[in-house]
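Residues 15 to 215, numbered by the working numbering, are exactly what the sequence shown covers, in order.
Everything on this sheet refers to the single structure shown next.
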Amino acid sequence: MRIKTEAKRREILDAAAVEFRQRGYHETTISHVATRMRSSKATIYNYFRSKGDLFGSMLAQAAAPVTETLLQTLNTEMPLPDRLAAFARAYLRLHCSERSIAVQRLILVEKTELRSITQPLLNNSEINIWPYLTEILRDAQGRELLQCGNCEEMARHLRALLYGNLPTRLLFGERDSFTDVEMDASADSAVRMFLAAYGSR
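See below:
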């Protein structure tokens, strides 16, 4: 029986990430990944059942540190506007990164084929930040810091304000990158609009 190690698993995922970004999901094979890491297909199949399993695990590995970073911005005792601003700035820094945009493009192009792989990830509470943000907003409502309303919908609106500007422009090639100053300004603007709509009167 082959011994599995976390280091080898990460090595496989790192190699797969490069291949998927360069070739796309359909064109990438397990052989490509094995060649990149100078290993064998048998080694990869010892860790992952299929190419789909490998792709899903690669996305989960990429999402986990992102979620941890965003949770840290929310899990503070700062006033709500400051917490949301810190969250928004971190969100844009992470989602405007070259690696993040490459993965988003891959999913966008092949989303029908990949839906069965990506949907469980979206439903995974360990890497889905939005239910946690919803609870933050619900708590703020209870303390009369926000107007009464559907907190899940409010969280989606904040997400739309953030993602609909800079990340979307990068995704479709309008710009190649944004400066930290531009990202922070966009984040702060999104939070101001959100609080103008939902802040307590």
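Where is the CB? At the ideal position from N, CA and C, for every residue including glycine.
Every value quoted in this text rests on a predicted model; they were computed, and no experiment measured them.
- For G178, there is no enclosing alpha helix (DSSP H), as DSSP gives it neither H nor E.
- Taking C-beta separations shorter than 6 Å and ignoring five residues to either side along the sequence, the partners of A154 in its chain run L94, L160, following chain order.
- Taking C-beta atoms as the reference points, A104 and T81 fail to come closer than 8 Å.
- Boundaries of the alpha helix (DSSP H) harbouring P145: 144-156, taken from the DSSP string.
- Here DSSP, grouped into helix, strand and coil, assigns L122 to helix.
- Cβ-Cβ distances below 6 Å link T148 to C165, E166, A169 in the same chain, with the five nearest sequence neighbours on each side left out; the list follows chain order.
- In this structure, the CA atom of L172 is about 38 Å from the CA atom of K22.
- Each of N60, S111, L108, L84 was checked against the Cα of L98, and the nearest Cα belongs to L84.
- In the structure shown, L68 adopts helical secondary structure according to DSSP, grouped into three states.
- By DSSP's assignment, L160 forms a beta bridge with G213.
- Put simply, the region 100-120 does not touch the region 49-67. Fewer than three CB pairs are less than 8 Å apart.
- Non-local beta-carbon contacts of D202 in its own chain, meaning distances under 8 Å to residues more than five positions away in sequence, involve A99, A102, R103 in chain order.
- Remark: C-beta atoms of I17 and M51 do not approach each other more closely than 8 Å.
- The closest CA to that of A30, considering only T49, M92, E20, is found on T49.
- Sequence-distant Cβ neighbours of L185 in its own chain, meaning closer than 8 Å and more than five residues away, are I115, Q118, R119, L122.
- Ranking Y59, H46, I143, S130 by CA distance to the CA of N89 puts I143 first.
- Around the Cβ of C162, a 10 Å sphere holds fewer than 16 other Cβ atoms; the residue is exposed.
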